[in-house]
Structure formats: structure tokens, C-alpha cells
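Visitor: Take a look at the following structure, please.
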């Protein structure tokens, strides 16, 4: 997957919300938003797939810990369209990440590492992020 924008040393803490607005490229197969303590450990990997890894129009969530992927998690709708703007709102609680997609569907993904703060956020794949905000 194409390495995209990386944000390091910016705290994303329990009780905060990360809002991401972007546009998948017109021929996008997939893209990802990653949150974790660093680039080697990802607690929240959100991977909308138009046509990638054997999936079509699916949002796959996972964690990458100790050098390997954990169990995949699939929930929510697929409000993404190639070349069209999307908005994703990620609420961070002590127990989970609540991801609200553009169509109002919600993904509940556990905070598998249990930390109260993560400082690494990256955007990979075929997407242009137009804004992100933590508050």
C-alpha cells in the first residue's frame, strides 16, 4: 500500500475525537487510516476496500501487534465512493474506538492495546486527506 501522510508526536487521547475528511482517488482500490503508539504497532487500522485483498466494498478493521495482524473485524456500511469526499469521525474511549461513517453507520472496535494515548497516525493508500482534526 502506498505510504501516505504520517503524523508523529501528536497525542490522541481517551475522550478525544479525530475527524478525517478525504477523497479516495478515482481509481482507488483501497486506503487506510492507522492509529497506534508507533509505526510498528497499530491499535486501529481502518481499511475501506473498493476492490482489494479479495474484498469488494467492505470496511475491514484490525490491529497489528508483535509483528503480525490480529483478527479482522467487519462492521458498518460502505459509504465510500471513488473520487467523492467522505467524512470519518473516530471517538476514542478507554474501551473502544467508535467510528462513525458518512452514512451514519457506526463501527465499534476494541482498544486492544488498552493505552489511553496514542501518538502515531498515518494515512496510506489511494486517498487524498483534505483535513483532519483532533478535539
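Residue numbers (the UniProt record's numbering): 1 to 135. Backbone N, C-alpha and C fix where the C-beta goes; we use that ideal spot for every residue, glycine too. Fair warning: this is a prediction, and the values are worked out from it, not measured in the lab.
1) Rounded to the nearest angstrom, what separates residue 6 and residue 123 at their Cα positions?
2) Enumerate, from N- to C-terminal direction, the unbroken beta strand (DSSP E) stretches of 3 or more residues contained entirely within the UniProt domain "Galectin" (4-135).
3) Within 10 Å of its beta-carbon, does residue 74 have 16 or more other beta-carbons around it, so buried, or fewer, so exposed?
4) Since residue 46 contacts residue 59 with CB under 8 Å, what's their CB separation in whole angstroms?
5) Taking residue 78 as the reference, give the member of 21, 101, 68 and 132 with the closest Cα.
6) Can you give me the Cβ contacts of residue 94 inside the same chain, cut-off strictly under 6 Å, excluding the 5 residues immediately before and after it?
7) Taking all protein chains shown into account, decide if residue 10 is buried (16 or more other Cβ within 10 angstroms of its Cβ) or exposed.
8) Using a 10 Å radius around the Cβ and a threshold of 16 neighbouring Cβ atoms, would you call residue 83 buried or exposed?
Guide: In this structure, then:
1) Within the chain shown, numbered from 1, the residue matching residue 6 stands at position 6. Within the chain shown, numbered from 1, the residue matching residue 123 stands at position 123. Their Cα atoms are separated by approximately 6 Å.
2) 6-13, 17-24, 31-36, 42-52, 55-65, 86-92, 96-100, 106-110, 117-125 and 127-134
3) Within the chain shown, residue 74 is the residue found at index 74, counting from 1. Exposed: under 16 other Cβ atoms inside 10 Å.
4) Translated into positions along the chain shown, residue 46 becomes position 46. Translated into positions along the chain shown, residue 59 becomes position 59. Contact flag correct, Cβ pair sits at about 7 Å.
5) For the purposes of this step, residue 78 is taken as the residue at position 78 of the chain shown. The shortest CA-to-CA distance from residue 78 to any of 21, 101, 68 and 132 is the one to 101.
6) Reading the chain shown from its first residue, position 94 is the one you call residue 94. Result list for residue 94: 14, in chain order.
7) Counting from 1 along the chain shown, the entry for residue 10 is found at position 10. The residue is exposed, with fewer than 16 neighbouring Cβ atoms inside 10 Å.
8) Position 83 of the chain shown holds residue 83. With fewer than 16 other Cβ atoms within 10 Å, it is exposed.
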